[in-house]
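Asks: Attaching a single structure in structure tokens format; questions to follow.
Residue numbers (the UniProt record's numbering): 1 to 229.
Following this line, the structure appears as structure tokens:
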């Protein structure tokens, strides 16, 4: 544990000194060559001291392999005070380092507002915009209210279903989950169209999870309880 903290501190110190010596902004193009795959925990510690007065020392940062609908999210647990920033690995690994930095800073503003109990007049209201503009001016970054990574999100949606009814609607998903009739619009679809969604496309060489389990001789394992959001 101590050696890991020491390595993290040394990495932060090295990047900070390099930034100061060369006069680099946090999104300078040269970082793509020097540090193309940054440790987001190190970046969080560095940016915490640069832009957030050290108030985010207990905030965590981690990659998510399952997030495909957003580049980042800030989770705050009121009962424990725990705050976790998650960045989408599938989306941001397709993007330049600059987008990783700006997505992290965006979520760090949310974390700062949670930790300091700042109230706002919206998800990205007046207070959020104040900090966003201040950090953009100080860092050279271009943090925005929304992440514009729709092309990357579409590219991840490789599982397709099409309605066999009159509407012919196509639904694309990043995961192999058959559309259900739980949402209101799907219930309407059942009434107005009446068709069923049939899978028409999936990634090349894709093997469904059930088939993988059967091939591994694990089909007798008890099914996992469905996860609810």
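Virtual Cβ for every residue (Gly too), placed ideally from N, Cα, C.
(1) For residue 75, collect the residues of the same chain with a Cβ closer than 6 Å to its Cβ; drop the 5 residues on either side in sequence, then sort them by chain order.
(2) Which residue marks the beginning of the beta strand (DSSP E) containing residue 74, and which one marks its end?
(3) Using 8 Å as the cut-off, can you tell me whether the stretch 38-49 makes contact with the stretch 61-73, which would need three or more C-beta pairs spanning the two stretches below that distance?
(4) Taking the continuous beta strand (DSSP E) assigned at residue 87, which residues delimit it?
(5) Please go through the same chain and pick out, in chain order, the residues whose beta-carbon is closer than 8 Å to the beta-carbon of residue 155, but skip the five residues on each side of it.
(6) With a 10 Å radius around its C-beta and 16 neighbouring C-beta atoms as the bar for buried, classify residue 102 as buried or exposed.
(7) Indicate the three-state DSSP secondary structure (helix, strand or coil) for residue 170 in the structure shown.
(8) In whole angstroms, give me the CA-to-CA distance for residue 178 and residue 187.
(9) Nearest to residue 79 by alpha carbon, out of 115, 86, 92, 169?
(10) Please report the straight-line C-alpha distance between residue 214 and residue 207, rounded to a whole angstrom.
(11) So, with DSSP's three-state summary, where would you put residue 149?
(12) Give me the Cα-Cα distance between residue 167 and residue 195, rounded to the nearest whole angstrom.
(13) Using the C-alpha atoms, what's the distance from residue 67 back to residue 31?
(14) Excluding sequence positions up to five away, which residues of its chain have a Cβ less than 6 Å from the Cβ of residue 44?
(15) How should residue 88 be labelled, buried or exposed, when 16 other C-beta atoms within 10 angstroms of its C-beta is the threshold for buried?
(16) Closest to residue 203 by C-alpha separation, out of 48, 111, 175, 121, would be which residue?
(17) How would you write the range of the beta strand (DSSP E) that residue 61 sits in, first residue to last?
Replies: From the atom records:
(1) Looking up residue 75 in the chain shown gives position 75. Within the same chain, residue 75 has close Cβ partners 84.
(2) Here residue 74 refers to the residue found at position 74 when the chain shown is read from its first residue. Residue 74: member of the beta strand (DSSP E) spanning 72-77, first to last residue.
(3) Touching, yes, given that three or more Cβ pairs across the two stretches are closer than 8 Å.
(4) As a first step, residue 87 is located in the chain shown; it is residue number 87 there, counting from the start. In this chain, the beta strand (DSSP E) harbouring residue 87 covers 82-88.
(5) Translated into the one-based positions of the chain shown, residue 155 becomes position 155. Sequence-distant Cβ neighbours of residue 155 in its own chain, meaning closer than 8 Å and more than five residues away, are 94.
(6) Within the chain shown, residue 102 is the residue found at index 102, counting from 1. Of the residues assessed, residue 102 falls on the buried side of the cut-off, its CB having 16 or more other CB atoms within 10 angstroms.
(7) Your numbering for residue 170 matches position 170 in the chain shown. For residue 170, the three-state secondary structure derived from DSSP is strand.
(8) Translated into positions along the chain shown, residue 178 becomes position 178. Translated into positions along the chain shown, residue 187 becomes position 187. If I take the Cα positions, the gap works out to 15 Å.
(9) Residue 79 sits at position 79 when you count from the first residue of the chain shown. Out of 115, 86, 92, 169, 115 has the C-alpha closest to the C-alpha of residue 79.
(10) To locate residue 214, count along the chain shown from 1; it is residue 214. To locate residue 207, count along the chain shown from 1; it is residue 207. Low per-residue confidence applies at residue 214: pLDDT is 47, beneath 50, and the placement is therefore not dependable, though the value from the model is reported in the following sentence. Inter-residue distance for residue 214 and residue 207 is about 11 Å (C-alpha atoms, whole angstroms).
(11) Position 149 of the chain shown, counted from the start, is the residue given in the question as residue 149. Coil at residue 149, not helix or strand.
(12) Numbered from its first residue, the chain shown carries residue 167 at position 167. Numbered from its first residue, the chain shown carries residue 195 at position 195. Distance from the CA atom of residue 167 to the CA atom of residue 195, rounded to whole angstroms, is 8 Å.
(13) Here residue 31 refers to the residue found at position 31 when the chain shown is read from its first residue. Here residue 67 refers to the residue found at position 67 when the chain shown is read from its first residue. Here the alpha carbon of residue 31 sits roughly 25 Å from the alpha carbon of residue 67.
(14) Here residue 44 refers to the residue found at position 44 when the chain shown is read from its first residue. The beta carbon of residue 44 is closer than 6 Å to those of 61 in its chain, skipping five residues each way along the sequence.
(15) Here residue 88 is taken as the residue at index 88 of the chain shown, counted from 1. Buried is the call here.
(16) For the purposes of this step, residue 203 is taken as residue 203 along the chain shown, with counting starting at 1. Each of 48, 111, 175, 121 was checked against the Cα of residue 203, and the nearest Cα belongs to 175.
(17) Along the chain shown, one-based indexing puts residue 61 at 61. Segment 60-64, the beta strand (DSSP E) holding residue 61.
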